[in-house]
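K.L.:
What the sequence shown shows, in our numbering, is residues 176 to 445, in sequence order. All residues carry an ideal CB built from backbone N, CA and C; glycine is no exception. Please read these numbers as outputs of a predicted model, since none were measured by experiment.
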Amino acid sequence: MKTQSTPPRIFAIANQKGGVGKTTTSINLATSLAAIGKRVLLIDMDAQGNASTGLGIKRSERDHSSYDLLFGDKTLEDCVSSTRVPRLSIIPSSMHLSGAEIELVTAENREFRMKMALQGAGRDYDYIVIDCPPALNLTTLNVFVAADAVLVPLQCEFYALEGLAHLTKTIERVKKSFNPDLILHGVVLTMYDTRNRLSAMVAEDVRSYFGDDVYKTVIPRNVRVSEAPSYGLPAIVYDMRCAGSQAYIQLAKEVIKREKKLMATEKVAA
Numbered sequence: 176m177k178t179q180s181t182p183p184r185i186f187a188i189a190n191q192k193g194g195v196g197k198t199t200t201s202i203n204l205a206t207s208l209a210a211i212g213k214r215v216l217l218i219d220m221d222a223q224g225n226a227s228t229g230l231g232i233k234r235s236e237r238d239h240s241s242y243d244l245l246f247g248d249k250t251l252e253d254c255v256s257s258t259r260v261p262r263l264s265i266i267p268s269s270m271h272l273s274g275a276e277i278e279l280v281t282a283e284n285r286e287f288r289m290k291m292a293l294q295g296a297g298r299d300y301d302y303i304v305i306d307c308p309p310a311l312n313l314t315t316l317n318v319f320v321a322a323d324a325v326l327v328p329l330q331c332e333f334y335a336l337e338g339l340a341h342l343t344k345t346i347e348r349v350k351k352s353f354n355p356d357l358i359l360h361g362v363v364l365t366m367y368d369t370r371n372r373l374s375a376m377v378a379e380d381v382r383s384y385f386g387d388d389v390y391k392t393v394i395p396r397n398v399r400v401s402e403a404p405s406y407g408l409p410a411i412v413y414d415m416r417c418a419g420s421q422a423y424i425q426l427a428k429e430v431i432k433r434e435k436k437l438m439a440t441e442k443v444a445a
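Encoded structure:
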């Protein structure tokens with residue numbers, strides 16, 4: 176059990192473009208971290224609720240949600256649900272999140288509501304993984320203000336860099352105005368197709384532009400990963416041996432490795 180003095184590391188999984196593997200990455204990174212012994216909380220902040228469905232949480236079973244955490248009088252503990260994955264819990268989504276953007280405009284402390292809601296999480300988790308909506312809106316801003324780091328899934332397609340440049344500018348603005356400790360943890364290339372020359376070209380362009388900020392691990396396009404959510408299971412539970420699952424396990428190891436390096440750097444700087 177963690178102590179109050181050791182708060183969890185909070186990852187925002189974000190990309191304003193939909194269909195890039197954001198939710199798949201959120202589910203499988205969280206599951207992989209849990210599989211290597213970490214206590215993990217996944218928060219589904221997307222009104223579509225795909226991360227919740229992908230972990231087998233039916234809408235009828237979602238008594239309290241991330242909407243209640245953001246706007247209601249419910250505590251973090253009130254909103255948490257267990258999953259079939261050991262050491263992995265979830266705060267599921269709600270359709271009410273579709274109106275969150277409008278409600279946040281006039282809400283008190285509108286940029287800091289998620290940060291305040293997560294202040295007591297240190298007792299129970301090593302990592303909190305937050306699946307952001309596919310937009311750079313006030314909901315995503317709330318997550319960025321609360322997060323330690325942003326992890327960006329990037330589909331290997333023609334317009335990839337265009338959207339990524341806008342996202343990194345947003346991270347810099349949040350860092351300047353609200354959260355000076357926020358960092359870009361890394362960019363993970365997703366849906367990589369070895370048969371498609373474009374995937375290799377995009378990967379090369381992204382690596383030349385962002386350098387070491389791009390993870391070495393690449394997530395391949397994989398049928399088993401696509402099938403898993405229909406069974407309410409993470410890919411690494413549905414079929415741990417498939418190429419996609421193995422890639423997410425490697426990604427988790429790489430994330431942990433970067434975490435250790437970041438912690439060592441901070442310790443030296445202190």
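Sort R433, T258 and D248 by Cα distance to E236 and report the nearest one.
P.N.:
It is T258 whose Cα lies nearest to the Cα of E236.
K.L.:
Measuring CA to CA, which of L316, D221, C307 and R372 is closest to E286?
P.N.:
For the residues L316, D221, C307 and R372, the minimum Cα distance to E286 belongs to L316.
K.L.:
Let me know the alpha helix (DSSP H) ranges lying completely inside the region 369–426, each 4 residues or longer, listed in chain order.
P.N.:
Here the runs fully enclosed are 372–385, 398–402 and 410–413.
K.L.:
For D243, which of helix, strand or coil comes out of DSSP?
P.N.:
Three-state DSSP puts D243 in a helix.
K.L.:
For L279, I'd like the list of residues in its chain whose CB is within less than 6 Å of its CB, leaving aside the five on either flank, ordered along the chain.
P.N.:
R285 and L313.
K.L.:
If we count Cβ pairs, one from each stretch, closer than 8 Å, do we get three or more for the region 336–349 versus the region 188–204?
P.N.:
Contact holds: three or more Cβ-Cβ distances are below 8 Å.
K.L.:
So what's R433 in DSSP terms, helix, strand or just coil?
P.N.:
Helix.
K.L.:
May I ask you to report which of helix, strand or coil DSSP gives T206?
P.N.:
In the structure shown, T206 sits in a helix (DSSP, three-state: H, G or I).
K.L.:
Run through DSSP, which three-state label would G295 get?
P.N.:
Here G295 sits in coil by DSSP.
K.L.:
In chain order, what residues of the same chain have a beta carbon less than 7 Å from the beta carbon of V195, not counting five sequence neighbours either side?
P.N.:
If we look at V195 and ignore the five residues flanking it on each side, its Cβ neighbours are P328, L329, Q330 and T365.
K.L.:
Going by C-alpha to C-alpha distance, which of A275, Y242, K428 and K351 sits closest to A205?
P.N.:
Looking at the Cα atoms, K428 is the closest of the given residues.
K.L.:
Going by other Cβ atoms of all chains shown within 10 Å of its Cβ, with 16 needed for buried, is P267 buried or exposed?
P.N.:
Per the 10 Å Cβ criterion, buried.
K.L.:
What's the call for T250, buried or exposed, on a 16-neighbour Cβ count within 10 Å?
P.N.:
Label assigned to T250: exposed.
K.L.:
Pull the bridge partners of V362 from the DSSP assignment, please.
P.N.:
Answer is V327 and V389, bridged to V362.
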